[in-house]
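See structure below.
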Ligand code: HEM
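In the numbering used here, the protein residues as written are 5 to 414.
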């Protein structure tokens, strides 16, 4: 009735082969009927095949998003907003506000609901039957119609709030070298030079809304959940923060590198609760060979990064949340993919360029929380529920729990 070629990679050696040694051969992406809609058949960066368009988009996105200069430009904003972001994580809007941009709060809040809807529609398994079996696709008409509507509404919002608003501002204010150049200004420059068209601009905004925000938010949620459920780890982290920084001195981005236990807590969260456990699906455009097998062209390649990081053959008691492992037996393992058994951000050509922002944001957010509050389960509960919800390639917490934040007195 229908078939798809699927390869699941579950060993560090084969992961190295796919992501590094044969990184070009396996550097494309598969999409499905739903991702075709949300990305305009790969006019974006995350879901486009490996080639000139991807290279150009990744280059254009690097200066405004993926450099240490960007971290330095925006870190004060993350630091200021960490308590607010936390509040929002736990509160109704659930979204950290600033990821490297300078927009009004409406621009930031408006896409929230639609981003959530896009994520639900794309990550759901509900449409698998029509995606795998083409003759059943007519039954998906209703589902795909909703996807198209959500996509149109999101792109319109991005155009109104991000692109047009910024263009208006640029035409009324002089953007001299002292004024803060915002991420979107770089992208609009590229459009003006004719390197990309307006659709590409909107898909870049779309990619950032998805790739950057949900992954970081889910990881913060997992971090909070694990710290609530492991009070002894929370206390040890608080002790480190107090000793290294002094009680009441609020953590800033440069401090995050001086706090090995905080780094270990973050790594352990990303190991056990990997937001993108199968990476974003890879694909080989042409016939290839892998581990002695012939891999037909356009096969979907899933690197099972979660298993690599949770396989008992490679990790001591992997089911335990134990940050100490990253200070003891796994002290040399970093989040940047220096060891193929630990790839929370992937590695190689299609690896996550946002790691440079994600790690300090996680450090500042979790650090400030633990410095300022005792994180507790709701009264009457000894733990919060950490059941997981998986999607096409995502993993997040199933139920949002209430967490008690008991302020510390200094
Ligand atoms: C904790 C937070 C994050 C996690 C766990 C994460 C994880 C990942 C993973 C696993 C991939 C796929 C790698 C592969 O397929 O080989 C990816 C790709 C990507 N991520 Fe992240 N990410 C995070 C935050 C961010 C942030 C903050 C940004 C942007 C500001 C970002 C932008 C991207 C982009 C653009 C891609 C696609 C790269 C490409 O296809 O060339 N991510 N991320």
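Where is the CB? At the ideal position from N, CA and C, for every residue including glycine.
N-terminal and C-terminal residue of the alpha helix (DSSP H) that residue i is part of
i	result
residue 17	16-20
residue 240	235-249
residue 190	187-196
residue 176	169-176
residue 127	116-127
residue 280	It is not in any alpha helix (DSSP H) - residue 280 carries neither H nor E in the DSSP assignment.
residue 311	309-312
residue 205	202-211
residue 134	132-136
residue 40	37-42
7 angstroms Cβ cutoff, residue i in contact with chain E
i	result
residue 55	Looking for chain E here will not work: only one protein chain is present.
In DSSP terms, what residue i is bridged to
i	result
residue 408	380
residue 287	32, 304
residue 388	Beta-bridge pairing links residue 388 to no other residue.
residue 57	BP columns for residue 57 are empty, so no partner.
residue 298	293
residue 155	Beta-bridge pairing links residue 155 to no other residue.
residue 274	Residue 274 is not bridged to any residue.
residue 401	392
residue 10	304
Integer Cβ distance of residue i from residue j, believed to fall under 8 angstroms
i	j	result
residue 309	residue 282	7 angstroms
residue 280	residue 397	6 angstroms
residue 199	residue 60	6 angstroms
residue 411	residue 377	6 angstroms
residue 384	residue 270	About 30 angstroms separates the two Cβ atoms, so there is no contact after all.
residue 266	residue 249	No, residue 266 and residue 249 are not in contact; Cβ-Cβ is about 10 angstroms, not under 8 angstroms.
residue 41	residue 160	The pair is not a contact, with the Cβ atoms about 15 angstroms apart (cut-off 8 angstroms).
residue 209	residue 143	With 8 angstroms as the limit, residue 209 and residue 143 do not qualify as a contact, their Cβ atoms being about 32 angstroms apart.
residue 132	residue 214	With a Cβ gap of about 20 angstroms, residue 132 and residue 214 do not count as contacting.
residue 320	residue 333	6 angstroms
residue 364	residue 408	With 8 angstroms as the limit, residue 364 and residue 408 do not qualify as a contact, their Cβ atoms being about 27 angstroms apart.
residue 244	residue 83	With a Cβ gap of about 18 angstroms, residue 244 and residue 83 do not count as contacting.
residue 70	residue 299	Rounded, the Cβ-Cβ distance is 30 angstroms, inconsistent with contact.
residue 86	residue 369	5 angstroms
residue 351	residue 341	3 angstroms
residue 44	residue 207	6 angstroms
residue 3	residue 335	Residue coverage of the chain in this structure runs from 5 to 414, which leaves residue 3 outside it and unanswerable.
residue 47	residue 233	The pair is not a contact, with the Cβ atoms about 42 angstroms apart (cut-off 8 angstroms).
residue 170	residue 193	Between residue 193 and residue 170 the Cβ distance is about 11 angstroms, and since that is not below 8 angstroms, they are no contact.
residue 115	residue 39	Contact doesn't hold; Cβ gap of about 18 angstroms is too wide.
residue 386	residue 402	The pair is not a contact, with the Cβ atoms about 19 angstroms apart (cut-off 8 angstroms).
residue 296	residue 138	With a Cβ gap of about 31 angstroms, residue 296 and residue 138 do not count as contacting.
Residue i beta carbon near the ligand MG (any heavy atom closer than 6 angstroms)
i	result
residue 220	Of the ligands this structure carries, namely the ligand HEM, none is the ligand MG.
Tell me, please, whether the stretch 372-392 touches the stretch 220-236 by the rule of three or more beta-carbon pairs shorter than 8 angstroms. yes
Hey, is the stretch 117-130 in contact with the stretch 21-35, meaning 3+ C-beta pairs nearer than 8 angstroms? no
Indicate whether the contact test is met: 3 or more Cβ pairs, each with one atom in the stretch 321-328 and one in the stretch 62-71, closer than 8 angstroms. no
Is the stretch 297-307 close to the stretch 11-18, with three or more CB pairs under 8 angstroms? yes
Okay, do the stretch 46-61 and the stretch 137-148 touch, 3+ Cβ pairs below 8 angstroms being the bar? no
Would you call the stretch 398-408 in contact with the stretch 209-222, where contact means no fewer than 3 C-beta pairs closer than 8 angstroms? yes
Could you tell me whether the stretch 285-299 touches the stretch 29-44, using the rule of 3 or more Cβ pairs below 8 angstroms? yes
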